Every structure is written in C-alpha cells, then in structure tokens.
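Have a look at the structure below before the remarks.
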Amino acid sequence: MFKKILIANRGEIAVRVMKACRELGIKSVAVYSTIDRTALHVQSADEAVCIGEAPPSESYLNIDSIIETAKKTGADAIHPGYGFLAENHLFAERCEKEGIVFIGPTSRSMKLVGDKVASRAVTENVGIPLIPGMKHKSTDPDECLTAAKKIGYPVLLKASAGGGGKGMHVARNKEELKEAIESGMREAKSAFGDPSVYLEKYIEKPRHVEFQVLADNHGDAVHLFERECSIQRRHQKIVEESPSVALDDDLRRRMGETALKVVEVSGYTNAGTVEFLLDENKKFYFLEVNARLQVEHPVTELVVGIDLVHAQIRIAAGEKLWLKQEQLSQRGHAIECRIYAEDPENNFLPSAGKILYMKEPTGPGIRHDCGVYSGSEVSVYYDPILSKLIAYAPTREICCQRMAAALANFPILGIKTDIEFLKDTVNHPEFIAGNTFTNFIEKNMSDWPPETKIDHLNRALTSAALFSSLPKTRISSSDGKSSIPSPWESLGAWEIAGG
Amino acid sequence: MFKKILIANRGEIAVRVMKACRELGIKSVAVYSTIDRTALHVQSADEAVCIGEAPPSESYLNIDSIIETAKKTGADAIHPGYGFLAENHLFAERCEKEGIVFIGPTSRSMKLVGDKVASRAVTENVGIPLIPGMKHKSTDPDECLTAAKKIGYPVLLKASAGGGGKGMHVARNKEELKEAIESGMREAKSAFGDPSVYLEKYIEKPRHVEFQVLADNHGDAVHLFERECSIQRRHQKIVEESPSVALDDDLRRRMGETALKVVEVSGYTNAGTVEFLLDENKKFYFLEVNARLQVEHPVTELVVGIDLVHAQIRIAAGEKLWLKQEQLSQRGHAIECRIYAEDPENNFLPSAGKILYMKEPTGPGIRHDCGVYSGSEVSVYYDPILSKLIAYAPTREICCQRMAAALANFPILGIKTDIEFLKDTVNHPEFIAGNTFTNFIEKNMSDWPPETKIDHLNRALTSAALFSSLPKTRISSSDGKSSIPSPWESLGAWEIAGG
Amino acid sequence: MEYEFLLNGTAYSIKLEKAKSGHKAVLGKIEIPFASSQISDNEYSIMFDGESKSVYIAETNGALFVHINGRVIRLDKAGLENNNFAAGGDVFGAKDEVSTLMPGKIVKILVGEGDKVTLNQTLVIVESMKMENKIVSPTDGEIKSIHFSDGDLVEPGQPIIILIPAD
Amino acid sequence: MEYEFLLNGTAYSIKLEKAKSGHKAVLGKIEIPFASSQISDNEYSIMFDGESKSVYIAETNGALFVHINGRVIRLDKAGLENNNFAAGGDVFGAKDEVSTLMPGKIVKILVGEGDKVTLNQTLVIVESMKMENKIVSPTDGEIKSIHFSDGDLVEPGQPIIILIPAD
C-alpha cells in the first residue's frame, strides 16, 4: 500500500480524500495556491505545499509544480480528485513516466474515453446504443450547420474535450446554432485549451442516469448500480439520487451490463462512471465515460455500502477486486444536493466573498462533505462548489423530507448560495413524485423565488433590530475572524512544508 | 398519524426525536427546566415549555407538569426518550388514562419487564436461559448474604428497579457484599425510589450482547440483530458496535429467536432491547428487557438500514409492522462512542461547566447525534452525556480507523470529556482484535493516560503562547458567548409557548 | 430603540419595546411580541407567538444577513452606502449603466456606440469562474459610450457601457 | 514576547521570536520553528517542521485548553490563582484537606474526629449526578476535624475533613 498520497485538488473533494488516506494509514500531502493558504484542505493534510499563484494554470493545473512537489515530499501516488487535472491524460501519462502512481485509469484508456468522438466509434462497434450525431469533432461552423441539418433540430452542441456542461448549448434552429457554435468554441478553448466541438441530436425531456463502475488492473470489474442526475442548471447537476425511480430490475440489469461492456471495450480501470440518457420510452443511450471520481459518488456509497475513495486507492495499489457483482445490492435511498456559491435569483451567477457564518447540518442520515468553514474566503478563481449535503433514509419519501429539513437549517451567511433553491426543489411535488427530467428546473422552478411573506419579513426585521441592539463588541466578532490581522500570519514559511 | 408529539426528555435524544418528528411532518414540543432555557433541545422544537426547576424531580420527572403541558399544547403523543420517565410504568399508565399515546410499550408489559424478578419468573417458564440468582428481590441484608452463599461468589448485586448500572456492585466475598448491599440499597432508593436489590451469579469475562426488537400492536414482531456493548466503565456502556465479532450465523439466529420469544411471553410492544450475557463458551443468558429506545440504537440503524425512532412513532400510531424478518440483514459495521462530560483520569467523575469551544466531526461514514453546542452549559443536575459519535464503514477494521480519526479531530474545550480515552480504546490492539469483554477497561486501560510526550507539550506551549500573543478582543470572544448579558434575555416570556 | 433597514431599496423602520410578557417589535401599526435568548454571537433562539425559531445573523459593512425559517434575507442598515459585492451583495447598476456583479474578463461586446438597443438585449459577454454570462440591457435606449474592449478585465460595478434610456 | 504557563503546578517559560523563515518558540535550550495561520478565534493551523497541525484553543479565567493531535492539555497562566472547577479544572485539595471536585450531597461520613486513617482509605461518600463517589484519604494520618454531616450539600473545594498527616 502507498505510504504517502499527494492530493492534486482543493475544496471538499481534497478534504474527503485526505480523510480516506488517514483511515487507510496513509500520509497525505496538500498542494495549494497562494490564496488558499488557510483553505480547509490545507488544514486537513499532514503536509501542505504552496505550488503557485491563484490562477489555476499557475497552481492546480501546473503539472510540473505538482510533480516536483510529489517528488520533494516523497509521495508515491497522486489523487487528482475531480476537475482540474483529473481527466487530463497528459498528466496521467506524466505520472506514469515519473513512476508516481496516478489514482485513476491509465492515460491510454483515459485518452480514449476522454475523446467523445473516438469513444463513440469504439462503443458503436460493439453495438452500444448511441445518440445520433456527428461522426467526428469539428472547428468548422459550416460543417456543424450541415451536420445539424442532417441530424435534425433541436441539436446539442458540446465541447469535444469537455465535461460538466462547460461549452454546452442547445440550438433549436440555425440562428441559435450559429450563436452557440461561436460561444461554445470560445468556452471550449478557455476551459480545455481545445476549441473543437461536436453536435448530436437533442433528446427532449430525458433523464440523466449514470452507472458507477469499479475495474481492477487484473481484468475484473463490477458496477455499483445507478445514480439519477436529471436535476441540472446550466447543464450542470445540482441534485443527484440513487436509486432512480425510472428503473426497474430488468432495465437496471441491462444498463449495468452495458456499462460493464463499455468498461471492457475501452480497457478502463479504477473508478469510473458510464453516463446514459434515458428517454420517456425507457430507451437508453450511452453518452460518455467520466474517467474520474464523480462529485456525486456519495449517494452510491450510502446505497451500496462501500467507500469509493478507499476502493480507488486499493485498486491503484494493485489489489484484485474484492467485490462480486452478485453480492452487491442497493438498500434505502440517498439524495445529494450540491451547495454552490451562486445566486439562483440571478441565473446562478457565481458568488464570491467571505463566509461570515456557517453551521453544518448533522444528525441521523445526514452526511456533509465540506470544503469551507465560518470565515473562509470563496474566491472567484475556482469552481464555486462549497460542499455536498447527502441524506440517506430507508425510503425516497423520507429521504426527501430529511434533505429538506437539513437544508432548512443550514445557514451560510455572507455569500449567495443555492441552499434555498435546493430546499424548494426537493420539496417540489413534481420532485417528490419522481418526475425528474433534465428540464425540471425550467419547467418547475422558473417562478422561483416565492414572494417573501410579510410575517417572515417582519420576523427578520425584528431579529435584525434585536441583533443591532446588542453591544458592539459582540457584533464585531460576528465575523468569524477579527479584522486585526494576526501578528503571526507568517506566510512564506508555509513553504518549509515540503522540505 | 400524530399531529404533535411532546418529547419528555432533554439533550441529544430529545433533539434526535424532534428531527424524526420534522421528517414525519409532526410538530414537536420541548419541555425544559429553568436552567435548560438555552439548551439545544429547546431550540430544536417547534414549541418549548418550561415545566419546573432544575432538579429532575421538579421538571423532567414531574409527571403532572408534563401531562398538563401535553394537554395545554394539544400534543396527542409523548416520546419519553431514554432515562427519566422512559421506563416508569406509572407514567405510561397515566398517559393511557389521559388519552395521550405513550410512544413505547404498554404500562402493563413495561411493569412486567421492568421488574427483573417478575420477568425472570415469566421467562424461566418458557425455558429461556437465565443466570442463577435470587428468586425474588429483597431489602434484607441477611437474606442476601444467605442467597450469595447458595449461589456462590463472586455475585453481582443490582437494584431491582434499576437500569444503566446504577446501584450495581460486584462482591467477591462476604465483606465486600455487606458494603455493596448498603450502598446499593442507598443508590437504588435515591435513583428509583425503591431500595430493593437482588443478587445473581457474577459471570467472569462475559460479553454484553443485546438484540433490538420491534413489535407492533397487532402481534407481529421482528428482531434487528445484535449490538455488542461490552466496553463499560462503572457498569455503564461507553462503546457499542454491531455486528458482534463473537456471533456466527447460527448463534445469531438462536439468540434472535430467544429475543423474540421473550417479547412474545411478556406481551411487549414497540421498540425494545433484549439483553444477554455471552460467556467465553458462547453460552448466552437472558438478562433483562430494556423497555425503551436505547442510547446505542444508531449502530443498529446504520447496519440494518432503518430508522428506529420513525418505527417507534409509526408503531405507536397503530401501523402494522412493515418489516419481515427474512428481508432484514446486516451490512457493514458500525461503532458508537458515547461522549460524556467526565474525567477518565479521575474515576470517570462527571465534569460540569461551560463548553468554551466544540467542533463537531463530519464526513463520510460519520454521524454525530449531539445535544450541546459551543457555549452551552453542562449542568450537574443531569446525566453527563453530551453526544454520541457513530462511525459506519464496510468493515470493522476501517470502522475502527474511521472512529479513531474522528475522535482525534473532535475538540471539546472547557470541560473534561472521555474523547481521548475513547480514541485510545478503539485504537487498542485488543479492541481491534475483537477481544471485547466487560472487563476490557480494567484489563487494558488501567495505565491510561499515556505520559505526555515532551514534543507534544512543547507544541502545546508554543500554541498557547501564540494564542496569548493575539489581541485581547479576540480572546474575550474565545468563549462562545460574551460576558455581557444580552438586554433581551427575556425569561418568563418563554412560558407563552404553551398558550 | 429604533432601527431602520433597507430591503431592495425599501426602507423599514422598527422599534423594540418592553411588553407585559417579554418584548415587542413595533413596525408602524403592527406589533410583534417576542422573547429571545442568545445562543452565540450569530445564533438566537426567538419565540414568536408560541413558536421557537432558530435565527442566524451576521453583519458586514452595514449589511445584515438574517437566516430564519430556512431563508436568508439581506437587510442593509439605512444611511449606509453598501456596495460590498464580495459579501454577496446584489446591487444592480442604475438604469443607464451596464456593469457586472463579478470580477471577470470581457469576452465580447456585441454593440457599438450609437446603437439602438431593447430591454434584455444581450450587450456584453463576460466570463467569470469559467462560465460565460450574458449582460443584458436594463432598458430600451441607445448606447451612449463604451468603456472597455474585448479581453479587458472588469471589476464589479465598473460601468462597461453607458446608455441613454428611451422614454 | 515571553509567556509563562503552569502544567500541574510546574511552570514553563516560553519566548516567541522571529526566525529566518516564519517564527520560533524558545523554551530554555529548545527552539521550535513554526509558521501559523489563524482560522478562527479558537482554531489555528500551525506548521511544525513540515507537518501542518490543526490546533484548537480556548481560554477562561487564565486557564488555557489546548487541543492538538487529539489531546487536550490544560495550561494555567502563571501568576493567576485558578480554582474554576466549573470550567473542568482538576485542582486537588492540599494534603491535609479532604474536599470534592463536584457539587454534591454527602451520603455518609465514615470516620470520626481523632480516628487514625491510612492512605486511600474511604472517608466520605458523596453523591453527584446520581453516582456515589468515594472520597479517599490523601495520606496516612489522623482526622483533625469534620465540617459537614450526612445529608449536607457540599461545594467543590470546601474542606469536608481536615487531617493531620502522619510523617
């Protein structure tokens, strides 16, 4: 087993991986950018090394600096988390070259599944159902327009290298497509350094259903059943659950087998996710493989009763798979809500700033994977995810109520978050009824937020007056940290961590 | 289903029950004593009513005041939690008379199982294995001494009405027994109002294994497998786990069947626990039925995947049991550590005072059922339990590591707690090896605490100096609440709650 | 004690007074009796006619964030200018200005000086946190002046475009 | 800056100084280099030769509670008398006094004035939080005086019995 793992990430996922390392008796190394010096992931590690300035390209995407740090600290493996370098096959390849274990798939299979067009080809050959679309990626608008005509509107434009909805656009006619191509290519370039895009048929009112898989380095693989992630804004998931209300045992079995076939033909190893679209007639289409640990992995952990990060590490260390498909089963229901620093009243625009006060939900069936704390600064430089709230219960009905209750008592003050929006989502009759389609938010939440009731406003005003009536000393410390900078904020010294 | 439930308890269990009420769409009413006005359970309820002064006899044991409050607030059911009135059959009977549903067994079956001597008689008839002991309770020292001679030393003396180890003493000879009888009867009198005690054979090096049962009001019952609770100090559990390493499938099945037989012959309903001693030769003896929700119920919830408080409420509301024995199974491993305000270095003497700072553990597989917060006062009047930390993992090994890691990062400052002691317990090779017998602590922890390492002391001193070097403003607020009393602490007004 | 707060520009004045049992807040004709206990610097347990509520409050630069019943209401202390965007403020530019709420990079300005524009027409695309955000016209009108070019970095509140509203 | 703390009666003196990289603490001959960031009033992230540690600290009446590596160490500021039992202090009575650490009720006093007693002999039984606690003799010696009777309530630190230690 590894002695020391470097976590090439930040926020809640870095903290979560470090906890797993501790549980496995492995030392952890945090890397951080200059503005993340007091970030939670830095506090959670056994060692912490500053690897560059705030812009991701200079720190969390800085391959040389990260590899050098791994060597300097004697880390024998690197966990990439999600985002940043997690699906960068050049980084995986570099690790392989440097003799550092990359906790994830091989660079070869990552490269294959990372290229949507190439992976379509491979999977199509073995008869895996696909959405009609372009045969190859393109940077030529006219080519796209011609293809769109053949496929038929509406069409979905995606960044070829993309993920997480970045660079994704729906176009219902030629004009919309022209605009979409232009900004889609721009976004693709800035997010992934590759402007190529491609087009496919846009499926109306689908569900997003994905299967978690685990494959060892010895040819053995299992799937851990599905997650439904249909609740999305800006093409990005914000609520995920398992099981999906849309699957019966037979469909579940067939999709699971398909997922394992995808793993097989792409020679995929370690933890991965096979994404499908499920249409209204229960017909499913393979979308892509996410060659990483998913943000929403906890719902699978709770329903199937395993630890996916432990599994990633053990598989990367060469262990043979200890799970047998027939021993695996789903029990109960889990829902995850992603807590983002963003403003649902303003097109989910990211919100940065200082968290003046936060109180984490706790109690039966509640799990909170958190990357921030009262007093931490949310920067504009990184993805605005703050934490993930996960609820588990014997039934979906209770799980919805448990989640709603936890969200209702989860104050984060000082920045905008989607907490209230999420609460009203899981409380929505259509959500409770399981009518979860990818258009859920347009369809059901467009009139959000509800108007503020006068009683509620009056109580808020009363509370504000009460708060203001208190001695100033107390208010001055209502902000987690005093304004007086500590004489002991000694910065450069952190770098001795690596030494 | 009930509209409103009064929770006749305080601390973590009251909070936990209130959360369950919210999840089931039921309003909750907190009752509190004058010194508990700012206690967490008061904040967690929809309504809160002060029912008397700090001494339990005037508040949490004050049946008239509680019944009156239930009527005043329109509560149609009462949940007693554990301790206080939970196993007082007169209270259950009073509820029945007043037409308020008592969430627990009927007063009749509670009275039966609550009287150890009577319950021995009933169970013995149907061939349930018992520990040799006195045939009836007694208040006559000489009678006890004669009985002890017949049973043979060592003997265990218990309060007949007792529970939770109060009034329990081991005597290895006549002299020890004399002393034990005297103080045992005193403790029994003050704790339960009944000085009667009784004697039984003391089994050396046993394991404490108990089975959780659920029985509806229609004659159907299931068991939810075992909890092992062998780690005890002062005859009180501090670490509990499920499954028990000592049980194999056959023994588990036989003990489960025995537990259900006990439930049947005593006409027991709702949630209960059947306690056994398991000796070194895997022979088990029935001890008693705990006619309440157990402190350690969460380990069962995590391993079996159900919610016991929801189950209690639904059963009390008259629902037929929705679980079938053959559908129930154990998955993974769960450990609970009880966080007490006490001093393990000083014979676990309770510690009262203000919690200056507390940070709750969170993250994968961690559940914290908590009754306090940074700034709350721990009073000398009540049981010193602060919270319960529960860890769940796929295997016992990982579960131990997860629990140890969580305990290591769980600061409670200002009062003594058993957190460090618990951490060293679950880290102990003998615990990890599963050698958990009721004498575990005498045998393995007598040399606790380990000596403070000089490095550790130096770092603590450095930290203290650093802290002291900071501007006083900050230190003054290191204590959760300012010393200046709020001009708005308006006390009497709380009573309008009931109106 | 009397206090004044702004909610989206509207001012509310509120008095706290002793009541026969506990205290009351007076808002114009409305009276709200309450009783309270402070739990910590940022947490209060407040009793509003028979219901006990946990209320969480924090303040920065005259902006109060009040969490009650699972909703956060931002109230600004009257008489204080507050443009603290970093603290999550949602102050919108005046009707004749186009600015952004987040620091970012101007990807493309879609209009020229003198152009006629209509309400909600996309004028500028700004990228923040890897997301493109369209900034739309707050009004029908005409472009008076443009103060940035494609590729420029822009700070919250800086006017990117000045408009002449049509009336 | 120099500070002095007491741990179980032993005094430790410590200086904080600038070091070439970050800072250092000086305890007699020992030098401990460190770098730190404050996370909140009670939480610090401190780097001790390459290891980053979360340290939690709170103070009350001159008693500092320091949580590091999963252990709490209580340090008392030198020069301050601290008998704050309510804050969990563990101050033991002098050798010639018998007192309790917790408020409670005296259940039974087992000795009389003039009795000879031996180290760890049970002298008094006090009930606190429903538990009986035996209070034992801190020394061999003789009972000089008894200041309470069965059933009395007793506060922490109040001498229940005065002893004449044997020597």
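Protein chains in written order, with the numbering used here: chain A, 6 to 504; chain B, 6 to 504; chain C, 11 to 177; chain D, 11 to 177.
Beta carbons are placed, not taken as given, at the ideal position from N, Cα and C, and that holds for glycine.
Note that this is a predicted model, so its numbers are computed, not measured.
Continuous beta strand (DSSP E) stretch holding residue i: start and end
{"i": "Ser-64/C", "result": "61–70"}
{"i": "Thr-132/C", "result": "132–138"}
{"i": "Gly-261/B", "result": "Unbroken run through Gly-261/B is the alpha helix (DSSP H), 254–270; no beta strand (DSSP E)."}
{"i": "Val-218/A", "result": "212–220"}
6 Å CB neighbourhood of residue i in its chain, flanking five on each side removed
{"i": "Ile-403/A", "result": "none"}
For residue j and residue i, the rounded distance between their alpha carbons
{"i": "Gly-358/B", "j": "Asn-71/D", "result": "13 Å"}
{"i": "Ile-145/D", "j": "Lys-28/C", "result": "50 Å"}
{"i": "Phe-5/B", "j": "Gln-241/B", "result": "Residue 5/B cannot be examined here, being either before or after the span of chain B that is shown, 6 to 504."}
{"i": "Ser-334/B", "j": "Asn-275/A", "result": "29 Å"}
{"i": "Lys-266/A", "j": "Arg-27/A", "result": "34 Å"}
{"i": "Lys-63/C", "j": "Lys-364/B", "result": "23 Å"}
{"i": "Asn-444/B", "j": "Ser-235/B", "result": "8 Å"}
{"i": "Asp-41/A", "j": "Gly-16/A", "result": "10 Å"}
{"i": "Asn-352/A", "j": "Lys-421/B", "result": "50 Å"}
{"i": "Gly-161/C", "j": "Ala-196/A", "result": "16 Å"}
{"i": "Leu-361/A", "j": "Ala-73/C", "result": "11 Å"}
{"i": "Leu-37/C", "j": "Ser-50/C", "result": "26 Å"}
{"i": "Tyr-158/B", "j": "Glu-181/B", "result": "11 Å"}
{"i": "Ser-46/D", "j": "Ala-339/A", "result": "39 Å"}
{"i": "Arg-479/A", "j": "Ser-356/A", "result": "Caution applies to Arg-479/A, whose pLDDT of 33 falls short of 50 and renders its modelled position unreliable; the model cannot decide the point."}
{"i": "Ile-12/A", "j": "His-373/B", "result": "27 Å"}
{"i": "Ile-68/B", "j": "Phe-96/B", "result": "7 Å"}
{"i": "Leu-163/C", "j": "Ile-116/C", "result": "6 Å"}
Burial state of residue i, where buried means 16 or more other Cβ atoms lie within 10 Å
{"i": "Glu-92/B", "result": "buried"}
{"i": "Ile-40/D", "result": "exposed"}
{"i": "Pro-366/A", "result": "buried"}
{"i": "Pro-137/B", "result": "exposed"}
{"i": "Met-260/B", "result": "buried"}
{"i": "His-223/A", "result": "exposed"}
{"i": "Asp-86/D", "result": "buried"}
{"i": "Thr-128/C", "result": "exposed"}
{"i": "Glu-142/C", "result": "buried"}
{"i": "Ala-96/C", "result": "Any answer about Ala-96/C is weak, because its pLDDT of 29 lies below 50 and its placement is not dependable; what the coordinates show is given next. The residue is buried, with at least 16 neighbouring Cβ atoms inside 10 Å."}
Near the ligand HEM: residue i beta-carbon under 6 Å from a heavy atom
{"i": "Glu-180/B", "result": "The ligand content of the structure shown is nil, which means the ligand HEM is not present either."}
Residue i: first and last residue of the uninterrupted alpha helix (DSSP H) it sits in
{"i": "Val-127/A", "result": "121–130"}
{"i": "Ile-318/B", "result": "313–321"}
{"i": "Ile-105/A", "result": "Per DSSP, Ile-105/A belongs to no alpha helix (DSSP H) and is neither H nor E."}
{"i": "Ala-185/A", "result": "179–197"}
{"i": "Met-23/B", "result": "16–28"}
{"i": "Asp-429/A", "result": "424–431"}
Close beta carbons around residue i, own chain, < 8 Å, minus the five adjacent residues each side
{"i": "Glu-129/A", "result": "Leu-135"}
{"i": "Pro-169/C", "result": "Gly-103, Glu-107, Val-108, Ser-109, His-157"}
{"i": "Asp-429/B", "result": "Met-450, Trp-453, Pro-454, Pro-455"}
{"i": "Val-76/D", "result": "Val-65, Tyr-66, Ile-67, Val-82, Ile-83, Arg-84, Leu-85"}
Close beta carbons around residue i, own chain, < 7 Å, minus the five adjacent residues each side
{"i": "Ser-271/B", "result": "Ser-114, Leu-117, Val-118, Ser-124, Val-127, Val-294"}
{"i": "Ala-21/D", "result": "Glu-14, Ala-88"}
{"i": "Leu-150/A", "result": "Lys-179, Leu-182"}
Listed by chain order, chain G residues near residue i by CB distance under 8 Å
{"i": "Glu-52/A", "result": "Note that chain G does not occur in the displayed structure, where the protein chains are A, B, C and D."}
| task | Counting only runs of 3+ residues fully inside the segment 339–382 of chain A, write out the beta strand (DSSP E) ranges in chain order. | result | 371–375
| task | With a floor of 3 residues, list each beta strand (DSSP E) that falls wholly inside the segment 376–422 of chain B, ordered by position along the chain. | result | 390–398
| task | For the segment 47–92 of chain A, list the alpha helix (DSSP H) runs that are entirely contained and at least 4 residues long, ordered along the chain. | result | The segment 47–92 of chain A contains these whole alpha helix (DSSP H) runs: 68–78.
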